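Participant:
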Amino acid sequence: MARVRRGALSAIAAAVAVALGAPGVAQARTPCPGETTTPTAATSAQVSDAILCLTNQIRASYGLPALRRDARLDTAARLHSEDMAARGFFAHTTPEGLEPGDRAAAQGYSAGVGENVAVGHPTARAVVLGWMGSAGHCRNVLGTARDIGVGTAPSPRAHYTQVFGSYAFTSESAASAGCPHAVDLDALPIPDLVGIVTGAPAEVASGPAAGERARARPALGRLALSPARLRPGRRSVLSYTLTSRATVTARIERAPAGRRFRWRLLPGRLTDAGVQGSNRLRFGGRLRGRRLVPGRYRLRAVATDGAGRRSASRRVTFWIVRR
Numbered sequence: 194m195a196r197v198r199r200g201a202l203s204a205i206a207a208a209v210a211v212a213l214g215a216p217g218v219a220q221a222r223t224p225c226p227g228e229t230t231t232p233t234a235a236t237s238a239q240v241s242d243a244i245l246c247l248t249n250q251i252r253a254s255y256g257l258p259a260l261r262r263d264a265r266l267d268t269a270a271r272l273h274s275e276d277m278a279a280r281g282f283f284a285h286t287t288p289e290g291l292e293p294g295d296r297a298a299a300q301g302y303s304a305g306v307g308e309n310v311a312v313g314h315p316t317a318r319a320v321v322l323g324w325m326g327s328a329g330h331c332r333n334v335l336g337t338a339r340d341i342g343v344g345t346a347p348s349p350r351a352h353y354t355q356v357f358g359s360y361a362f363t364s365e366s367a368a369s370a371g372c373p374h375a376v377d378l379d380a381l382p383i384p385d386l387v388g389i390v391t392g393a394p395a396e397v398a399s400g401p402a403a404g405e406r407a408r409a410r411p412a413l414g415r416l417a418l419s420p421a422r423l424r425p426g427r428r429s430v431l432s433y434t435l436t437s438r439a440t441v442t443a444r445i446e447r448a449p450a451g452r453r454f455r456w457r458l459l460p461g462r463l464t465d466a467g468v469q470g471s472n473r474l475r476f477g478g479r480l481r482g483r484r485l486v487p488g489r490y491r492l493r494a495v496a497t498d499g500a501g502r503r504s505a506s507r508r509v510t511f512w513i514v515r516r
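Per the numbering used here, residue 194 is the first one in the sequence shown, and the count goes up by one each step.
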């Protein structure tokens with residue numbers, strides 16, 4: 194993907210400002226309320242607000258639009274931070290195998306998501322600077338997401354989560370291509386023409402425009418696994434069709450012995466960059482590099498396009514058998 198230097202982005206922003214008759218290109222950064230506040234039970238919401246404010250200020254300095262706060266992503270982020278703090282783990286995947294997309298979907302947000310997590314930083318300012326100094330986290334902050342949710346849990350060590358919505362895993366902005374970035378907040382230039390969103394979470398979209406987006410989502414069909422009975426060391430082929438280009442993500446569930454209809458979600462996932470029409474993906478009976486043990490399984494797949502629109506879920510059952 195094309196890489197544009199930060200100076201080039203500033204030049205573009207300046208040209209737009211002149212064309213709009215703006216009085217200036219940049220202004221001195223105003224500190225975000227609560228950016229140096231220590232997270233406590235009473236201040237955790239203020240710290241989350243400061244993380245959002247700082248994130249959008251940094252995006253603005255690179256010529257990127259502000260992220261829109263979403264109440265569903267806020268809830269997903271807060272619950273994950275609280276869960277990590279309460280159960281003493283630090284990961285994107287919970288001990289039960291739930292991942293960022295699962296947690297967002299549980300709150301009613303079905304578009305693609307990305308996630309940043311952190312632990313132990315004393316303030317919002319410190320955690321945002323830490324994310325910007327890490328390539329993967331920085332790419333999320335400066336990426337192509339449109340929505341965001343933030344959650345802070347203060348006890349016993351502060352845990353932080355950012356969830357980025359309408360997130361395209363295969364694309365990045367010109368600014369994010371240069372990550373990580375060493376950011377000096379005290380000298381951060383903020384372009385006048387870029388808005389900074391720090392207010393209350395946005396309401397869930399509805400109405401004709403939302404209905405139009407739903408009708409345009411990709412359709413995933415003819416999901417099949419052949420052969421459906423897979424011996425150790427042998428491969429099968431997962432086939433499916435798409436009405437438009439999309440990323441297909443598959444999760445695998447296992448039926449415990451003796452419990453016919455109680456499926457257990459396994460950690461990890463399969464992904465494939467699907468094209469319009471017929472697609473085929475080889476499957477060797479492994480997940481996260483580990484061979485599946487003999488038993489009955491179910492593969493659940495969903496397609497997500499570049500705009501974050503998701504298809505209906507499709508399922509196919511298969512077996513891992515002994516030699």
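The beta-carbon is built from N, C-alpha and C at its ideal position, and this holds for glycine as well.
Quantities reported herein were computed from a predicted structural model and do not represent experimental measurements.
Taking only three categories from DSSP, how would you classify D377?
Facilitator: Coil, per DSSP.
Participant: Count the other CB atoms within 10 Å of the CB of F357; is the residue buried (16 or more) or exposed (fewer)?
Facilitator: With 16 or more other Cβ atoms within 10 Å, it is buried.
Participant: State the CB to CB distance for the pair I244 and V310, rounded to an integer number of angstroms; the pair is presumed to be in contact (CB under 8 Å).
Facilitator: Contact flag wrong, Cβ pair sits at about 12 Å.
Participant: Kindly confirm or deny that the region 370 to 379 and the region 315 to 334 touch, where touching means at least three C-beta pairs closer than 8 Å.
Facilitator: Verdict: yes, contact present.
Participant: Would you decide whether T233 is buried or exposed? Buried here means 16 or more other CB atoms lie within 10 Å of its CB.
Facilitator: Answer is exposed; the Cβ neighbour count stays below 16.
Participant: Below 8 Å on the Cβ atoms is my guess for G477 versus R428; work out the distance and round it to an integer in Å.
Facilitator: G477 to R428, Cβ: 5 Å. Contact.
Participant: From the DSSP secondary-structure annotation, give me the bridge partner or partners of E308.
Facilitator: Answer is V356, bridged to E308.
Participant: Give me, in chain order, the residues of the same chain whose beta-carbon lies closer than 6 Å to that of L316; leave out the 5 immediate sequence neighbours on both sides.
Facilitator: The residue asked about is misnamed: residue 316 is Thr in this sequence, not Leu. The answer, listed in chain order, is T229.
Participant: Do you know whose CA, among V486, P449, V430, R484, lies nearest D465's CA?
Facilitator: The shortest C-alpha separation from D465 is found at V430.
Participant: So what does DSSP say about V320, is it helix, strand or coil?
Facilitator: Looking at V320 - three-state DSSP - the assignment turns out to be helix.
Participant: Are S504 and P411 touching if we call contact CB-CB under 8 Å?
Facilitator: Cβ distance < 8 Å, so S504 and P411 count as in contact.
Participant: What residues in its chain sit with their C-beta under 6 Å from that of G147, if we drop five residues either side in the sequence?
Facilitator: Because the chain spans 194 through 516 in this model, residue 147 falls outside it and cannot be assessed.
Participant: Alpha helix (DSSP H) containing A269: first to last residue?
Facilitator: Its alpha helix (DSSP H) spans residues 264 to 280.
Participant: Going by Cα to Cα distance, which pick from G336, R489, R350, L266 is closest to M277?
Facilitator: Per the Cα distances, R350.
Participant: When the Cα of D242 is compared with those of A221, W324, C225, which residue comes out closest?
Facilitator: Nearest of A221, W324, C225 to D242, Cα basis: C225.
Participant: Per DSSP, what are the beta-bridge partners of S448 in this structure?
Facilitator: Contrary to the premise, residue 448 reads as Ala rather than Ser in this sequence. A448 is bridged to R489.
Participant: I'd like to know whether the C-beta of G478 is nearer than 8 Å to at least one C-beta of chain D.
Facilitator: The displayed structure is made up of one protein chain only, and chain D is not part of it.
Participant: List the residues that DSSP assigns as beta-bridge partners of P232.
Facilitator: DSSP, once it has assigned bridges, lists no residue as partnering P232.
Participant: S359 and G305 look like a contact to me (Cβ under 8 Å); what is the Cβ gap, rounded to whole Å?
Facilitator: With a Cβ gap of about 7 Å, S359 and G305 count as contacting.
Participant: According to DSSP, is S241 part of a helix, a strand, or is it coil?
Facilitator: Helix.
Participant: Which whole-angstrom value is the C-beta distance of D379 and R438, which I expect to be below 8 Å?
Facilitator: That pair is no contact at about 44 Å.
Participant: Taking 8 Å as the cut-off, decide whether the C-beta atoms of A346 and E275 are in contact.
Facilitator: Yes.
Participant: Is the beta carbon of L413 less than 8 Å from the beta carbon of A443?
Facilitator: Cβ distance not < 8 Å, so L413 and A443 don't count as in contact.
Participant: Can you tell which of A448, T354, A338, R508 has its C-alpha closest to the C-alpha of L485?
Facilitator: It is A448.
Participant: Kindly indicate which residue of R479, L492, R489, P460 has the alpha-carbon position closest to the one of H285.
Facilitator: The residue with the shortest Cα to Cα distance from H285 is P460.
Participant: Given this structure, state the Cα-to-Cα distance separating R280 from S348, to the nearest angstrom.
Facilitator: For R280 and S348, the distance between alpha carbons rounds to 11 Å.
Participant: Have a look at F511, A367, G336 and flag the residue whose alpha-carbon is nearest the alpha-carbon of S419.
Facilitator: Nearest option by C-alpha distance: F511.
Participant: Quick check: A338 and L260, are their CB atoms within less than 8 Å of each other?
Facilitator: Their beta carbons are under 8 Å apart, which means A338 touches L260 by this criterion.
Participant: Residues bridged to T434 by DSSP?
Facilitator: Beta-bridge pairing links T434 to G414, S471.
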